[in-house]
Every structure is written in structure tokens, then in C-alpha cells.
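I have placed the structure first, in the form of C-alpha cells, so that the comments after it can refer back to it.
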Amino acid sequence: MCVQHLACCFFAGSLCNIAVPTTFSDEEDFLIAPINKSDSVRAQRRSRWGAGLLISASVAMGLAIALVLALVPIAIANMGPAWFAQTITQDPLKVCDASTEEDQPLPKETQVTPMPDGEKGAAIPYLGDSSYLRGVNMYDLEALRRIDTTCALNQPEASYTYLASRGVTIVRLAVPWERLQPVPDSGDYQEGMNAGLDKAYLEVVQTEVDRIAAAGMRVILDLHNGGTYPSGPGVRVPDTVAFGDGISVKQAQHIWGMLSQVFKNQTAIAAYDIFNEPSLSMMTADVYKKYTVAVVKAIRANGDQHTLWVEGMKEMTEGRLVQIAPKGPWISDPLDKIVYSQHFYPGGTGSTNAAFRADSDYVSFTQQMKDFGGWCQKYDVHCSVGEVGWPSMESQKLTSDNGDNWSTVGEGFYKLADTYKMDVTYFASTGGTKPGWLNAYTSSDGTAIDTARSQSSVIERHLTK
């Protein structure tokens, strides 16, 4: 069955085949940090050590052993992330099976390794006759990344039909790297990143793409990992490896080479967002840029003609494109189809900042958008905002006045995006029944997205044009 889990709690009640409570004390946003799997591993070690102490007949010997064991975690910690990458394994995926109330062992999934063939892919249109594209993020696959494919992970077709009816034309689909290339039973991350794609999970992604396309919209395929493996969004945990620190250039090219081979002829995909929110706390800007250049080369070497979104870095100030690329774009694309992208959250992404702050707090936010737009104009590149979000009127911590103020901030943001002709995908939409405070499109009963919150009025005044 679906077991209540940090990621599952947000959505499992509507996406799994059985009911799971989805109520939270503070209507928190679902930009949740990855599970710190090292905690459970340490707990397992303590359990084993405790058993050893019980066997000991000598209290003195037991105390001595306890002292030694207390020092072991310190020694382990000093060995650094590389040691963890080779020894710490992930918690097993939570599975759904309506026939039993007990967790079932995860079946051995068949892998598929689509090898890039270098053949020229289809000419994939991007803007078409439009000046810019507008849509929303769909984050549910990422939020349910620790839930097995025995659960119903896909959005129903009705969700996308509803979004299309509101004027949405593109959906930025967050996909977790750790599910495309799962960590093997051995716990060896290198083995995982060198493997093929998980066939069952690839089918989940393909189904989502097909349903979005059937509703008349297109997909921005977002590898939502931040240049890290296996953890994605959130604070880096000890067992996570990153670009330049456990993930090689070849491995980054490998995952995108395989994805390119699967999707390069699919016109339902408008673009690839190659890496989501890489952080300066995990890698330098130079390392990140090196990896993006290499991945773009690999995609183009496969004959893939899709437009590619390349993001700045996560940090609100020093990670902006103006800061990490003061001399302009760093990627030379033979097709000239790079869209540079940034994310903006005027109120942050946690649940404690929902109340509207003084107007002066949003002067800097507006200026950041102007700086980004100026950078795009100066270097004559098309740009996008892959994520932007602010609290809804329906959020628990908001008064009506606060909601009106937030809508004013959002309206100002979208007007600037119109001026700079930027693509925008609002964060986010969800099929969960207890959505976070940023969500603009939600589900009333957990069956499908069918409800528009206050942000939608701003979004729908600034649609694709």
C-alpha cells in the first residue's frame, strides 16, 4: 500500500490508489527538502551497535565499546561525501498494492539504454507565431519521487484539459533524476549514474507528456535535480554527489544523451530545461557552466533540435545570470536555440513568509527582474522565468488585504515579463487536495485539477501571445 511519507503526504491521497491523509498543520509549500537518508542509516547502525552491547557480559566492556562507537560517526563524517556516495543506500521506495496492507518488495525493473545515434531529429518548433509562451509547473512527479510506479503517479487527463481551458499552453514537467536512473541495490551511485533508464519510470514520464499533448499543450521537460544525485531540491545531504564532486561530465552527458534519444522527435516537447536550480553551495559557477556546455554538445551531437533552457543558479543575488555571466551567454549553440532562465520568489518558498511585507522589500525583487531583462536585451537572447510564485488569497496565513497586495506584486512581475517578451511558467499546479500556499491551480477532491486560486487571475491576464 501507499505508506505515509514526506513526499507522499502532499499528494498520495489523490494520486495513489488508496487514501492517505494529506492534511498539514501549516499549508506548506511543496518545495520540500529531500529526505535525509543518512539519518535512517545512522539509526540502523545504532540498532546494530545496541544489539552488540546487549550481548556483552561486562558493563565496563560495554562502556568501552560505546565510547568507540560514539567516535565512529565522527570519523565517518570526516571522510567526506565521497565515502557516503559509495556506502549509503537509499530507503526503499514506498509501493502501492490494493490487495494487501503490507509493503511489497520492489520488483526488479527492466532498464532501457537508448543509445544516441547522431541522426538528425525532427525540426521542433518553439515559439511558432508567438512572441512568448506562458504556462505552469507540474511538480507532482518530483514530490512523489520516493513512491514506486505501483502507485498511480500520473495526473488524469482531466487535469490537463482543465489547465488548457484556462489558457495554459506549456507545462514545465519536473522529473527526478533518481527515478530515471535509480540507485541500485548495491548503493553504488556510480553504478546508478552509468546505468540505463528505468523502463517503468520512463513510461510514467511518457504518459504524462502524452496527456499534456492530448490537451493541446506542450512540455518543458525539466530534469529537476540541481546538478546533484540522487537528491534534488533542498539542502544537500551527506550522501549526495554533485557536478565536480562525484558526478562526471560524462555521466551528465549520459543521462541527457539517453533522454534526447527518447524525445528528440517528439513535437509535444517544446524544450528541455537541462538542470534545475544548481546551487553555489554545491558547485562553483565555472563548474556548472562547464557541465552545461558539455550537455548541450551531447544533445546536439545526437541531432536533437529542441530548444534548451539553461538556468542561472539558485542563490537570489550572487547566483543570478547577471552575476555568474557578466560577459553574457557562455554557450555556443550551432542552432542558436538556447533560452536563458531564472527563478523568482518575492516572498520565498517557505510557509512562514506568507504575510505581505513592506513595499520596500519588493523594490529589490522588481529590480532583479529588470536586471535580468536588461541582461537578456543587452545580449539579444530569448529568456524565460521557469518558476515564479507568490501566496494565494486562499492560503491560511493571508488576510484579504495581503492577498490583494500579493496580486499587485504578481501583476507588476508579469507586466515586466511581457515587456521583455519572456516565457513564464508559474509555480505551480497540483492534483493534491491540500496544496501549498504558492499553488495557483489545485484539486477540490483529489481526483483532478479543477480549481483556480487567486494567482490565476494574474496568470490569465498574461497568457501566451
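Just so we're aligned: the sequence shown equals residues -19 to -1, 1 to 446 in mature numbering (1 follows the signal peptide of the UniProt record, and there is no 0).
Beta carbons: idealized from backbone N, C-alpha and C, even for Gly.
In the structure shown, Gln304 falls within a helical segment according to DSSP collapsed to helix, strand and coil. Beta-bridge annotation (DSSP): Glu368 is paired with His324.
Annotation for Val186: Val156 place their beta carbon closer than 6 Å to its own, counting only its chain and skipping 5 residues before and after. According to the DSSP assignment, Glu292 belongs to the beta strand (DSSP E) that extends over Thr288 to Glu292. DSSP links Gln92 through a beta bridge to Asp179.
Per DSSP, the continuous beta strand (DSSP E) segment holding Ala251 begins and ends at Ile250 to Asp254. Residue environment: Asp385 is assigned as exposed (fewer than 16 neighbouring CB atoms within 10 Å of its CB, all protein chains considered). Scanning its chain for C-beta atoms nearer than 6 Å, with the 5 sequence neighbours on each side dropped, one finds around Pro416 the residues Thr423, in chain order. Pairing Leu202 with Leu154 gives a Cβ-Cβ distance under 9 Å. Distance from the CA atom of Glu375 to the CA atom of Glu441, rounded to whole angstroms, is 18 Å.
Close CB contacts of Arg281 within its chain, under the 8 Å cut and outside five residues either way in sequence, are with Asp314, Pro315 and Leu316 (chain order).
Exposure of Val344 is indicated by the presence of fewer than 16 other C-beta atoms within 10 angstroms of its C-beta. A Cβ-Cβ contact shorter than 9 Å links Ala266 with Gly300. In this structure, Ala103 is the residue among Phe224, His363, Val76 and Ala103 with its C-alpha nearest to the C-alpha of Gln286. Around the beta-carbon of Gly309, fewer than 16 other beta-carbon atoms lie within 10 Å, marking it exposed. Nearest neighbour of Thr273 by Cα position, chosen from Lys231, Trp387, Met239 and Ser438, turns out to be Lys231. Around the beta carbon of Pro106, fewer than 16 other beta carbons lie within 10 angstroms, which makes this residue exposed. The three-state reading of DSSP puts Ile193 in helix, counting H, G and I together. With contacts defined by Cβ atoms closer than 9 Å, Thr94 and Leu204 do not form a contacting pair.
Listed in chain order, the non-local C-beta contacts of Thr432 below 8 Å within the same chain comprise Tyr422, Thr423, Ser424 and Ser425, local neighbours out to five positions each way being set aside.
The beta carbon of Lys402 is closer than 8 Å to those of Ser112, Tyr113 and His363 in its chain, skipping five residues each way along the sequence. Taking Gly116 as the centre and dropping the five residues before and after it, the same chain places the C-beta of Val149, Thr150, Ile151, Val152 and Thr406 closer than 6 Å to its C-beta, in chain order. When the Cα atoms are used, Gln242 and Thr389 turn out to be separated by approximately 43 Å. When DSSP reads this structure, Tyr113 sits in no beta bridge, so it has no partner.
With a cutoff of 9 Å on beta-carbon distance, Ala176 and Pro165 are scored as near each other. In terms of CA proximity to Thr188, Phe244 leads the group Ser167, Pro163 and Phe244.
In the structure shown, Arg281 falls within a helical segment according to DSSP collapsed to helix, strand and coil. For Asp129, the CB contacts under 8 Å within the same chain, skipping 5 residues up- and downstream, are Leu74, Lys75, Val76, Cys77 and Leu87 in chain order. Residues of the same chain with a CB within less than 8 Å of the CB of Leu302, apart from the 5 flanking positions on each side, are Gly293, Tyr321, Gln323, Phe353 and Trp356 in chain order. In terms of Cα proximity to Thr209, the closest of Met198, Ala251 and Met264 is Met264. Ile236 is not a Cβ neighbour of Gln171, given a cutoff of 9 Å. The beta carbon of Val277 is closer than 8 Å to those of Ile255, Leu289, Val291, Ile312, Asp314 and Ile319 in its chain, skipping five residues each way along the sequence. For the pair Ala196 and Thr131, the CB atoms are not nearer than the 9 Å cut-off. Contact between Ala429 and Gly413 does not hold, since their C-beta atoms are separated by about 11 Å, which reaches or exceeds 8 Å. Ranked by Cα distance from Gln349, the options Ala398, Ser140 and Ser373 are led by Ala398. Where Thr445 is concerned, there is no enclosing alpha helix (DSSP H), because DSSP gives it neither an H nor an E.
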